[in-house]
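Chemist: Below is a structure I'd like to ask you about.
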């Protein structure tokens, strides 16, 4: 019966079987120390003769557990029998058991299958898995239903640009940029509160540290809201719970990355400023006139929030109509919509939607759109639709900002960008 | 403060505000009864004058809660004020508050946005949401990490046929048929135990009650197995837990559908028969020679399992090599692989994989494949890979079979088939 590395301390004096990857081999003359890696951590094996396997070989080892002051974790296993389960057939293209500071991101991504063996890199995705679990759990306990919508669509709700086309039995379909239509349809159907975790596609030629052409979107949509304030309240709560989960279950990883997540109470203080106020704040802090909130401006606004409220996050609200999609709920020349900036990066866009059919029809010409051109979108509002709204969190961006990664691609297992289509 | 329909009984004598859709209106001369539907259920409203709104209008109503023997659920609200939140602008294309037995599936799917308002139809997806939660939870507590892999791939591991092509900045990519390569890569990287919930695409021209061209695949992959028996043990356990969750949380829906899920103990009895034994069983039961296990044979095998073991499920194991993909772990002319048949339908394919690099290379020519032609696939095995295997459950098929739906498309929110690309 296999024992995980993390459970070895409880087996002192017993015989134990461990399985894993050979992480490091140190031959000290008569004795060889082997560090074995499994999903739970590391354990030291001791061999009296130098073993014949090399680094990264997968082995099953039986031996006796003993305390050892010098062993990592305080225990080691005197190896009695070793079975090689998986051989190494080629030289490692990059080091698995060393810091990868000197290795460029392109190399890390080219050799993703190997670089993920590096525990520090692998832990990015253990954090991401926890974020998925905490997101779902926070929403389920608030009465939300998880949905799965089609990613093959006939036309885009965000306009026709930026879509990848798919040859669907000779017909041209597109990969969905967001489940916007579907999540609104589900809310209107009576589910009221839905969330979806799914892929989203943007055929944009950006090649920056902030962009991916395929990413995981954490989508939320909720009925019977009074305004977009309800959405910001909800997002603050669920992000607070997601941060809390990380603190509880991945404290070591956060420490390793020198990362700190805001406490739930601290995150509650996230200020909300209108788009115009944000521009004013930037003007005051930089001394320059501000027409648009640029990526640099987003970083400065988070710095402002940190200075003023002690939290590196800020909701920017009341975006001008022309900066938001046609379906955004208008309020004069502004909209009931928001971005959430976290540590200098926009990680969420959200807002209330127009829910009245006639109002939607009246809005379309202003955006150069027609009911027919939007496919089935408008049908959602034809049969009685409650006031509603929602938001979407980019999973990779959130992971990136939590761990302080330089590039969003580091937080995608197998990223796709303008040039990268493999592995 | 809004009160949900399900909480109305606790508000007797109080004033309460409810929001929802007008499900049914009955005018009895001087008095009008309105049944209001929200995500939690129904509540009866009583109006002294006939209200001006029609069916499916979305309203917010304030009034006093009182007990009433004749009201569904035993309570009703005397309406004091009503606010219309969402108007109905068109005639309903199909009934929302009646049985849909007389309405064909094509009509139900054409008008998905409306048919989902029918509570019976909507509940299919509440069940599906619970299955997603229970699947994740069963795996997480066994040390599995949730991963999200790219759906845009350069080539298929299942051979090049049956793939939808995507125009990716002028290059041709394909929509993944399964996360096979990625989940194996993650296992080999040291995560050991991974699962993924994601879309899978099959460009097959089937148009049957069992096929979808886009479906949700519940993928599992696990290292350090001894054989595919470990995988069947795991699947039996997690399906048992998923069934258990449905019994606990969706008993009413199961009842409404006349559906029964196997108890965890009952499901443990699921027999395992080899492919050859399965053919023999079919021969004995039908009196005919059996060369292939057809869909009809799958139904008969489940009937056999019910007769013999009292459970409508059977694992068919040891498929011949030529019936399985190249990566399947061979055992003579057979393989360590299985299908799980449930209520007459294959809901899972799984098996142990070849994990030794050289063995994999030796296998390729037999399938007419080359290392280069498989893109990055073989690189997973070059640097030390543990014995491993996995399986995938089709979410829509599982939902279909649990609720006894005629067609798998009924269990897909927005199904895609040969002809259906909208809504």
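Residue numbers (the working numbering), protein chains in the order written: chain S, 1 to 423; chain H, 1001 to 1423. The beta-carbon is built from N, C-alpha and C at its ideal position, and this holds for glycine as well. Computed from a prediction, not measured in an experiment: that's the story for all the values here.
Go ahead and pull the three-state DSSP assignment for residue 19 (chain S).
Modeler: Strand.
Chemist: Run the CB neighbour count on residue 287 (chain S), radius 10 Å, all protein chains shown included, and call it buried at 16 or more, exposed below.
Modeler: Exposed: under 16 other Cβ atoms inside 10 Å.
Chemist: Where does residue 339 (chain S) land, buried or exposed, given buried means 16+ other C-beta within 10 angstroms?
Modeler: Classification of residue 339 (chain S): buried, given that the 10 Å Cβ count is 16 or more.
Chemist: Excluding the 5 residues flanking residue 1205 (chain H) on each side, which residues of the same chain have their C-beta closer than 8 angstroms to its C-beta?
Modeler: Within the same chain, residue 1205 (chain H) has close Cβ partners 1418.
Chemist: Suppose the cutoff is 8 angstroms on Cβ atoms and the five residues either side in sequence are ignored; what does the same chain contact list for residue 152 (chain S) look like?
Modeler: Taken in chain order, the residues that qualify are 166, 168, 173, 174, 175, 176.
Chemist: Which residue comes first and which comes last in the beta strand (DSSP E) that contains residue 350 (chain S)?
Modeler: Segment 345-353, the beta strand (DSSP E) holding residue 350 (chain S).
Chemist: Using CA atoms only, rank isn't needed, just tell me which of S:390, S:383, S:410 is closest to residue 1023 (chain H).
Modeler: Residue S:383 is the option with its Cα nearest to residue 1023 (chain H).
Chemist: State the DSSP-derived secondary structure class of residue 1138 (chain H), mapped to helix, strand or coil.
Modeler: Helix at residue 1138 (chain H).
Chemist: For residue 999 (chain H), collect the residues of the same chain with a Cβ closer than 7 angstroms to its Cβ; drop the 5 residues on either side in sequence, then sort them by chain order.
Modeler: Coverage of chain H is limited to positions 1001 through 1423, which leaves residue 999 (chain H) absent and any answer about it impossible.
Chemist: Cβ closer than 8 angstroms: which chain S residues qualify as neighbours of residue 1385 (chain H)?
Modeler: Residues of chain S passing the Cβ test: 58, 86.
Chemist: So, are the CB atoms of residue 64 (chain S) and residue 15 (chain S) less than 7 angstroms apart?
Modeler: For residue 64 (chain S) and residue 15 (chain S), yes; Cβs fall inside 7 angstroms.
Chemist: Can you list, in chain order, the residues of its chain whose CB lies under 8 angstroms from that of residue 31 (chain S), leaving out five sequence neighbours each side?
Modeler: These residues qualify, in order along the chain: 46, 47, 48.
Chemist: Quick one: does the C-beta of residue 395 (chain S) sit closer than 6 angstroms to a heavy atom of the ligand GTP?
Modeler: As far as ligands go, the structure on display features none, and thus does not contain the ligand GTP.
Chemist: Once DSSP output is grouped into helix, strand and coil, what is the label at residue 9 (chain S)?
Modeler: Residue 9 (chain S): helix per DSSP, three-state reduction.
Chemist: When DSSP labels each residue in this structure, what does residue 102 (chain S) get in the three-state scheme?
Modeler: The answer is coil: DSSP assigns residue 102 (chain S) none of H, G, I, E or B.
Chemist: Can you tell me whether DSSP reads residue 1294 (chain H) as helix, strand or coil?
Modeler: DSSP places residue 1294 (chain H) in coil when its eight states are reduced to three.
Chemist: Quick one: is residue 1404 (chain H) buried, meaning 16 or more other Cβ sit within 10 Å of its Cβ, or exposed?
Modeler: The residue is exposed, with fewer than 16 neighbouring Cβ atoms inside 10 Å.
Chemist: Going by beta-carbon coordinates alone, are residue 1329 (chain H) and residue 1358 (chain H) separated by less than 7 angstroms?
Modeler: Result no, Cβ atoms of residue 1329 (chain H) and residue 1358 (chain H) do not sit closer than 7 angstroms.
Chemist: Residue 1113 (chain H) lies in the alpha helix (DSSP H); which residues open and close that run?
Modeler: From DSSP, the alpha helix (DSSP H) with residue 1113 (chain H) extends over 1112-1115.
Chemist: Quick one: residues in its chain with C-beta nearer than 7 angstroms to the C-beta of residue 1011 (chain H), no 5 flanking neighbours on either side, listed in chain order?
Modeler: Closer than 7 angstroms at Cβ, skipping near neighbours: 1003, 1065.
Chemist: If we ignore side chains and look at the alpha-carbon of each, how far apart do residue 1202 (chain H) and residue 1325 (chain H) end up?
Modeler: Answer to the nearest angstrom: the Cα atoms are 16 angstroms apart.
Chemist: Residues of chain H with CB closer than 7 angstroms to the CB of residue 135 (chain S), please, in chain order.
Modeler: By Cβ distance, chain H contributes nothing, its closest Cβ being about 11 angstroms from residue 135 (chain S), past 7 angstroms.
Chemist: Comparing C-alpha positions only, which one of S:52, S:27, S:61 sits nearest to residue 38 (chain S)?
Modeler: It is S:61.
Chemist: Which residues does DSSP pair with residue 334 (chain S) in a beta bridge?
Modeler: Note: residue 334 (chain S) sits in a beta bridge opposite S:320, S:331.
Chemist: For the putative contact between residue 1420 (chain H) and residue 1109 (chain H), defined by C-beta atoms under 8 angstroms, what is the C-beta separation to the nearest angstrom?
Modeler: Residue 1420 (chain H) to residue 1109 (chain H), Cβ: 7 angstroms. Contact.
Chemist: So which residues on chain S does residue 1397 (chain H) lean against when the C-beta distance must stay under 8 angstroms?
Modeler: Within chain S, no residue comes near residue 1397 (chain H); the closest Cβ sits about 14 angstroms away, beyond 8 angstroms.
Chemist: So that I know if they touch, is there some Cβ in chain S lying closer than 7 angstroms to that of residue 1009 (chain H)?
Modeler: Not an interface residue.
Chemist: The beta strand (DSSP E) that contains residue 1369 (chain H), what's its start and end?
Modeler: Where residue 1369 (chain H) is concerned, there is no enclosing beta strand (DSSP E), given that its DSSP letter is neither H nor E.
Chemist: What does residue 113 (chain S) reach in chain H if we use C-beta pairs closer than 8 angstroms?
Modeler: Simply 1185, 1188, 1189, 1376, 1379, 1380, 1383.
Chemist: Do residue 1262 (chain H) and residue 1305 (chain H) have their beta-carbon atoms positioned less than 7 angstroms apart in this structure?
Modeler: The answer is no: Cβ separation not under 7 angstroms.
Chemist: The beta strand (DSSP E) spanning residue 77 (chain S) covers which residue range?
Modeler: Start and end: 75-86.
Chemist: Between the C-alpha atoms of residue 118 (chain S) and residue 105 (chain S), what's the straight-line distance to the nearest angstrom?
Modeler: Roughly 14 angstroms separates the two Cα atoms.
Chemist: Sort S:279, S:103, S:86, S:133 by Cα distance to residue 1189 (chain H) and report the nearest one.
Modeler: Considering only alpha carbons, the answer is S:86.
Chemist: Short of 6 angstroms in beta carbon distance, which residues of its chain neighbour residue 441 (chain S), apart from the five on each side in sequence? Order them along the chain.
Modeler: Here chain S covers residues 1 to 423 and nothing more, so residue 441 (chain S) does not appear.
Chemist: Start and end of the alpha helix (DSSP H) containing residue 1391 (chain H)?
Modeler: Not the alpha helix (DSSP H): residue 1391 (chain H) falls in the beta strand (DSSP E), residues 1388-1394.
Chemist: What residue does the beta strand (DSSP E) around residue 1057 (chain H) start on, and which one ends it?
Modeler: From DSSP, residue 1057 (chain H) is part of no beta strand (DSSP E); its letter is neither H nor E.
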